[in-house]
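These protein sequence lines map, in sequence, to chains A and B. For the record, in the first sequence the residue sitting at position 25 is 25 according to the UniProt record's numbering, with numbers rising by one throughout. For the record, in the second sequence the residue sitting at position 65 is 65 according to the UniProt record's numbering, with numbers rising by one throughout. In this text, a Cβ means the ideal position worked out from N, Cα and C, and glycines have one as well. The structure appears below as C-alpha cells.
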Amino acid sequence: MASITMDNLHKVYTGGVRAVTGINLDIADGEMIVLVGPSGCGKSTLLRMVAGLETISEGTLHIGERVVNNLEPADRDIAMVFQNYALYPHMTVFNNLAYGLKNRGFSKAEIDRRVRDAAEMLEIGAFLDRKPRQLSGGQRQRVAMGRALVREPAAFLFDEPLSNLDAKLRVQMRVEIRQLQKRLATTSLYVTHDQLEALTMADRLVVLNGGQIEQVGTPMDVYSRPATTFVAGFIGSPAMNMLPADYLRSTQASDNLAHLPQAADLIGIRPEDLALETPGDGDLSLTGKLLLLEPAGAESHLHLKFDGLHENMIIRLPHVPSVIEGQALSFTVRRDNLHPFDGATGKRVS
Amino acid sequence: MQTKRMTFSSKWLPYALLAPQVIITVIFFIWPASQALYQSVLRQDIFGLRTEFVGLDNFVRLLNDPLYLNSLNVTFWFSVGTTFLSMSVALLFAVMVNRMIRSRDTYTTFLVWPYAVAPAIAGVLWWFIFNPSIGIMPYMLKGFGYDWNHRSSSTDAMILVIIAAAWKQISYNFLFFLAGLQSIPQSLIEAAAIDGASRMKRFWTIVFPLLSPITFFLMVVNVVYAMFDTFGVIHATTEGGPAQATNILVYKVYRDGFVNLNLGSSAAQSVILMGIVIILTVIQFRYIERRVNY
Ligand SMILES: Nc1ncnc2c1ncn2[C@@H]1O[C@H](COP(=O)(O)OP(=O)(O)OP(=O)(O)O)[C@@H](O)[C@H]1O
Ligand SMILES: [Mg+2]
C-alpha cells in the first residue's frame with residue numbers, strides 16, 4: 001500500500017525522442033488511476049518509468065515515502081501486468097506465480113499458501129500444473145494477474161492488459177480487475193487507449209497527449225467538463241461536435257448565448273445532448289438535413305449537414321427514429337450543455 | 001490431403017532437373033558407402049594378392065583392438081571438449097553482443113568470419129600459435145611457468161586440437177544463439193526483473209531454458225562436426241599424436257586405410273562411423289520436432 005508521486009517527470013530516449021515532458025501527478029493510496037491517450041502519447045513510457053524499466057531523465061518519483069528514481073524494478077515493490085502477459089512459457093502456472101516469491105526467499109509453505117489463495121481468487125486453481133501455452137487468452141490473463149497479486153505489492157501497474165482479448169471477455173475481465181482492485185485496495189496505474197475501459201475503471205482519469213497531461217479528474221468530471229478540445233474530442237463516442245461560436249450567434253437568439261464567455265470562439269456539443277424535439281424554453285434550436293442514419297440497436301447515430309457549417313454534426317438518440325435520409329430535422333440543445341473553448345489555445349473558457 | 005501437382009510439358013524434364021542432385025548423391029555417397037560396406041566384410045593379404053570374405057570378423061577385431069578403443073575414448077573427449085568449448089564461448093559472445101545496440105551488426109560480422117576459414121587453415125593457424133618453438137602461446141605460458149609442448153604431452157595435444165576445432169565452430173553457434181536470444185520477448189526479461197531475479201538468475205532461469213531447443217540442436221550439430229568434420233584440423237596440427245592421443249575415429253580411418261593400407265579394417269571403421277551419424281541424425285530429428293522443454 002503506498003501513494004505514488006510524480007514530480008515534473010521527463011523522459012528523453014536516446015536518439016532524442018521526448019516521450020514524456022513534465023508530468024506532475026499525485027496518486028493516493030489505494031486509488032485506481034487510468035492513463036488514457038492516443039497511440040504514441042507516452043502512456044507506456046510513463047508506466048515503465050514508474051516500474052523502473054525505463055530510466056527517468058528528469059524529475060522525482062516517489063513510491064510511498066521513498067524516492068525510487070535509482071531503484072531497480074525489483075526494489076520498487078510494484079507488480080506489472082504486461083499486454084502480452086509475459087508469462088514464462090517453460091514454467092507451469094504454479095511456478096509462474098511462485099517465481100517472484102522464490103526469488104525473494106519466501107518459505108515453501110508461504111509460497112504455497114499465497115499461490116493457492118491467488119489461484120482461488122482468480123479461479124485458476126485447476127490449471128496450476130499447466131504450461132501457459134495450454135491456456136486460453138482469458139486464462140493467461142488471469143495467470144498474469146495472479147503473478148502480480150501473489151506478491152502483495154504496494155502498487156499494480158497495468159499496460160493495456162485487456163487489449164489481446166475479444167470484446168466480450170474484455171468486458172468481463174474489466175469488471176473482475178476493478179472488483180479485485182477495490183477489494184485489495186492496492187494503488188493502481190492502468191494504461192489503456194480504450195476510453196470505455198478508462199471511464200468505467202478509473203477513480204481518476206489522466207488524459208495524456210504528446211507526453212503531457214491534458215486533464216486529470218474523475219471520469220464524470222472529464223466527461224462533463226473537458227478541459228481542452230483534445231479531451232473533448234478524445235473522450236466520448238461519437239466524438240463531441242465542434243461548432244464555431246459565430247455560427248451559433250448568427251442563428252440563435254442572443255439570450256441563449258449570453259452566458260458564454262466572450263473568449264469562447266468554439267462551442268462543443270455532445271452528440272447525445274441534441275434532442276429531436278420541439279423547442280422549449282431556454283433551448284437552442286438547430287435545423288439540418290439528414291445525411292445518414294446509423295441504427296445501433298438500442299440507440300442510433302444521425303449524421304447531419306447544417307447550412308453554413310463545413311463539418312457534419314453527429315447526433316446520438318436513445319432510440320431509432322422513423323426518419324428518412326434527406327429529410328430536414330430540428331434539434332434542441334439545453335444551453336448549459338454548450339462547452340465553450342478558445343479555439344486558438346484549445347482550452348476551455350469559463 | 002490435397003497436394004498440388006505440377007505438370008511438365010516434357011516427360012523427361014523432371015528427371016533432368018533431379019539428375020544433378022541424384023548423380024552427386026550416387027557418386028559421392030551411395031557408391032562410396034556401398035563400397036565401404038562391401039570392403040568391411042573382406043580382408044586382403046599383406047601383398048594384396050588375395051581377397052577373402054571374412055564376415056563380421058573385421059568388426060570383431062576392431063572392438064578387441066586396444067588402439068581402436070583408445071580412439072573411441074579420444075573421440076569422445078574430443079567431441080565433448082570441442083562442443084562444450086565452442087558452445088559456451090559462442091553463448092557468452094551472443095549474450096554480450098545482444099546487449100549492444102548500435103555496434104551489434106559490426107560485432108556480428110567480425111564474429112562470423114572464422115566460419116569462412118577452411119579447417120586445414122584453422123589448423124595451421126593454431127599450429128603456429130601453439131608451436132612449442134616459435135608460437136606465441138607457449139612463450140606466454142612459459143611466463144606463467146607452464147612448459148607447453150603438444151608434441152610430447154598428450155594433454156597439451158588434446159587441448160590444442162580442441163581449441164583449434166572449437167574456434168571455427170564458435171561463429172556458427174554464435175549466430176544461432178544470437179537469433180535465439182533475439183526471439184525471446186523483452187517483456188519476459190522485464191517481468192523477471194520485476195519478479196526480483198538478478199541478472200544471473202534471469203539468465204539461468206529464463207533465458208537459458210528458453211534457448212534449450214537451440215542448445216540441443218547445436219549440441220548435435222557440434223558433436224557431428226567434432227566427430228566428422230575435423231580431419232583437417234587434426235591433420236594440420238598433431239596428426240593424431242603424440243602416441244595416439246588425438247587420433248580420433250575419422251583420422252584413424254584415413255591412417256589405417258590410406259597410410260597403413262588396411263582397407264578391410266578401415267572400411268569397417270567407416271561403417272561404424274556411418275552408424276553413429278545415422279543415430280545422431282535420428283535423435284536430432286526426433287527431438288527438434290518435439291521442441292525440447294516447452
Ligand atoms: N525505446 C524507445 N526508443 C525511442 N523512442 C521510443 C522508445 N519507446 C517509445 N518511444 C517513442 O516514445 C513515444 C511514446 O511511446 P509509448 O510507447 O510510451 O506510447 P504509448 O502511449 O504507449 O502508445 P501505444 O498506445 O501505441 O502503446 C513514441 O513516440 C515512441 O515512438
Ligand atoms: Mg503502449
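{"Item": "Can you tell me whether A/K131 is helix, strand or coil according to DSSP?", "Value": "coil"}
{"Item": "Please list, following the chain, all residues that have a C-beta closer than 7 Å to any non-hydrogen atom of ligand 2.", "Value": "A/K43, A/S44, A/D159, A/E160 and A/V191"}
{"Item": "Below 8 Å on C-beta distance, what does A/I78 contact in chain B?", "Value": "I194"}
{"Item": "Over the uninterrupted beta strand (DSSP E) stretch that includes B/H235, give me the two end residues.", "Value": "B/H235 -> not in any beta strand (DSSP E); alpha helix (DSSP H) instead, spanning F231 to T237."}
{"Item": "Nearer than 7 Å: is that true of the beta carbon of A/H10 relative to any heavy atom of ligand 1?", "Value": "no"}
{"Item": "Among residues of its own chain, excluding the 5 on either side of B/A165, which ones have a beta-carbon nearer than 7 Å to its beta-carbon?", "Value": "T82, A226, T230 and V233"}
{"Item": "Can you grab the Cα-Cα spacing for the pair B/M87 / A/G217, in whole Å?", "Value": "56 Å"}
{"Item": "At 9 Å on the CB atoms, spell out the chain C contacts of A/R104, in chain order.", "Value": "Looking at the structure shown, chain C is missing, and the protein chains on hand are A and B."}
{"Item": "Could you name the residues of the same chain whose beta carbon sits closer than 6 Å to that of A/M242, not counting the 5 residues immediately before and after it, in chain order?", "Value": "L266 and G268"}
{"Item": "Could you check the C-alpha separation between B/T205 and B/F29 for me, to the nearest Å?", "Value": "44 Å"}
{"Item": "Flag B/A179 as yes if its beta-carbon sits less than 8 Å from any beta-carbon of chain A, otherwise no.", "Value": "no"}
{"Item": "Taking the CB atoms as reference points, tell me whether A/G52 and A/R76 lie closer together than 8 Å.", "Value": "yes"}
{"Item": "For A/T55 and A/K131, I'd like the C-alpha separation in whole angstroms.", "Value": "33 Å"}
{"Item": "To which residues of the same chain is B/G55 closer than 7 Å at the C-beta, ignoring the five residues directly before and after it?", "Value": "V41"}
{"Item": "Using the beta-carbon of each residue, which ones in chain A are nearer than 7 Å to B/S187?", "Value": "F82, N84 and A86"}
{"Item": "Pull up the distance between the alpha-carbon of B/N247 and that of B/V221, whole angstroms please.", "Value": "21 Å"}
{"Item": "Taking the alpha helix (DSSP H) that A/K43 falls in, what are its first and last residues?", "Value": "K43 to A51"}
{"Item": "For B/L210, return the contacting residues in chain A, with the cut-off set at a CB-CB distance below 9 Å.", "Value": "Y88, P89 and H90"}
{"Item": "How about A/Y223: is its Cβ closer than 7 Å to a heavy atom in ligand 1?", "Value": "no"}
{"Item": "If you measure from the beta carbon of B/N293 to each beta carbon in chain A, is any gap under 8 Å?", "Value": "Caution is warranted here: a pLDDT of 49 is assigned to B/N293, below 50, making its placement in the model unreliable, and the coordinate value is therefore given only provisionally. Yes, its Cβ sits closer than 8 Å to a Cβ of chain A."}
{"Item": "At a CB distance below 7 Å, what residues from the region 142-172 of chain A approach chain B? Give them in sequence order.", "Value": "none"}
{"Item": "Anyone know if the C-beta pair for B/L85 and B/I136 falls short of 8 Å?", "Value": "no"}
{"Item": "Do we get a CB-CB distance below 8 Å when we pair B/M1 with the residues of chain A?", "Value": "With a pLDDT of only 48 at B/M1, under the threshold of 50, the placement of this residue in the model should not be trusted, and no figure is reported."}
{"Item": "Report the three-state DSSP secondary structure of residue 351 of chain A (helix, strand or coil).", "Value": "Here chain A comprises residues numbered 1 to 350, so residue 351 of chain A is not present and cannot be evaluated."}
{"Item": "Starting from the N-terminal side, write out each stretch of the beta strand (DSSP E) that is 3 residues or longer and does not extend beyond the region 255-299 of chain A.", "Value": "266-269 and 283-296"}
{"Item": "Specify whether the region 4-18 of chain A and the region 39-52 of chain A touch according to this definition: at least 3 beta carbon pairs, one from each stretch, less than 8 Å apart.", "Value": "yes"}
{"Item": "Residues of the region 42-62 of chain B with a CB closer than 8 Å to any CB of chain A: list them in chain order, please.", "Value": "none"}
{"Item": "Please report whether the beta-carbon of B/I206 lies at a distance below 8 Å from any beta-carbon of chain A.", "Value": "yes"}
{"Item": "Report the option in B/S79, B/F110, B/F78 and B/R102 whose CA atom is closest to the CA atom of B/F93.", "Value": "B/F110"}
{"Item": "Checking contacts by CB at 8 Å: is A/G100 closer than that to chain B?", "Value": "yes"}
{"Item": "Along chain B, which residues have their Cβ under 7 Å away from the Cβ of A/L53?", "Value": "E190"}
{"Item": "One question on the structure: do B/L181 and B/V95 come within less than 8 Å of each other, judged by their Cβ atoms?", "Value": "yes"}
{"Item": "Quick one: grab the DSSP three-state call for A/Y190.", "Value": "strand"}
{"Item": "Check whether the region 219-233 of chain A and the region 247-257 of chain A are in contact - that is, three or more C-beta pairs closer than 8 Å.", "Value": "no"}
{"Item": "Does any C-beta atom of chain A lie closer than 8 Å to the C-beta of B/K201?", "Value": "yes"}
{"Item": "Anything in the region 44-76 of chain A with a Cβ closer than 9 Å to a Cβ of chain B? List those residues in chain order, please.", "Value": "R48, A51, G52, L53, E72, P73, A74, D75 and R76"}
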